[in-house]
Amino acid sequence: MINRFPNDRVNNFSDAIFAIAITLLVLEVKVPPTEDLQTVGTIGILNRLIPSFIGLLISFFVTALYWRAHLTHAQFIKTYDNSLLWLTIWLLLFVVMLPFSTGFYSKNFNYNGPFIFYCVNMILIGLFNYLIVRNIIKKDKDHELISPIMGKWFKFRASIAPIIWLLSIGMVFINPSLARWTFFLIFLVLMIGDRRFKKKSKKLDEARARELELAKEAELATIVQSPRD
């Protein structure tokens with residue numbers, strides 16, 4: 011069918027891009043020459059590489075979060091149409107750029123420009139991830155796969171990272187050192203939000219179960235009373 015694409019091929023391609031991008035991150039941690047080892051020693055070399063390792067860890071775990079989100083969302087995609095496919099392609103474009111922006115930032119750790127460039131890369135990944143989520147929820151109009159509360163939570167989760175990376179850019183002009191650690195808020199907000207969502211979802215499930223019990227009791231009472239009538 012025109013403008014309909016097989017889910018397995020798109021998902022496999024996306025997984026491959028994520029795997030390649032996340033592997034290339036480690037190549038930005040350059041192995042120093044032996045001459046440097048003889049000059050400054052192992053501790054000195056590792057101290058120089060601290061910014062590269064920080065960039066690697068941040069990008070690795072944030073990319074892992076987006077890959078996990080992609081795995082989750084793929085369960086609710088009935089079929090890839092042209093719009094959803096292109097949103098996925100744009101997402102993967104900025105995922106592929108991540109090793110470069112990570113290397114650029116980590117090798118110029120104390121400069122604000124490379125850090126802002128890195129944040130913009132992260133914001134664009136988050137933006138297209140959000141647009142994909144919104145597209146999936148919009149197409150599930152009858153709530154066959156995604157309940158209203160789940161849809162709200164998916165949108166909220168997808169919006170957290172780009173907002174916090176945008177906050178990081180703002181923090182650069184106030185406190186550059188603190189700005190580089192603002193990303194920890196992503197994990198904190200997700201953890202708190204997950205707990206609240208689970209509690210709210212549990213309450214709704216209990217309320218639905220109670221409604222079913224009351225409906226069954228009312229039906230049983232009707233059956234028992236009907237012969238007397």
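11 is the number of the first residue of the sequence shown in our numbering; add one for each residue after it. The C-beta atom is built at its ideal place from N, Cα and C for all residues, glycine as well.
Bridge partners of R205 according to DSSP: none are assigned.
Of the other Cβ atoms in all chains shown, 16 or more fall within 10 Å of the Cβ of P124; this residue is therefore buried. From the listed residues V50, D204, I126, P61, the smallest Cα separation to S178 is found for I126.
Here the alpha carbon of S157 sits roughly 41 Å from the alpha carbon of F183.
With respect to P109, L59 sits apart: the two C-beta atoms are not nearer than 8 Å. R14 is bridged by DSSP to D91. The closest CA to that of Y90, considering only N120, I68, M107, V143, is found on V143. Boundaries of the alpha helix (DSSP H) harbouring R167: 158 to 182, taken from the DSSP string. Cβ-Cβ separation between N22 and S93: approximately 20 Å, too far for a contact (criterion under 8 Å).
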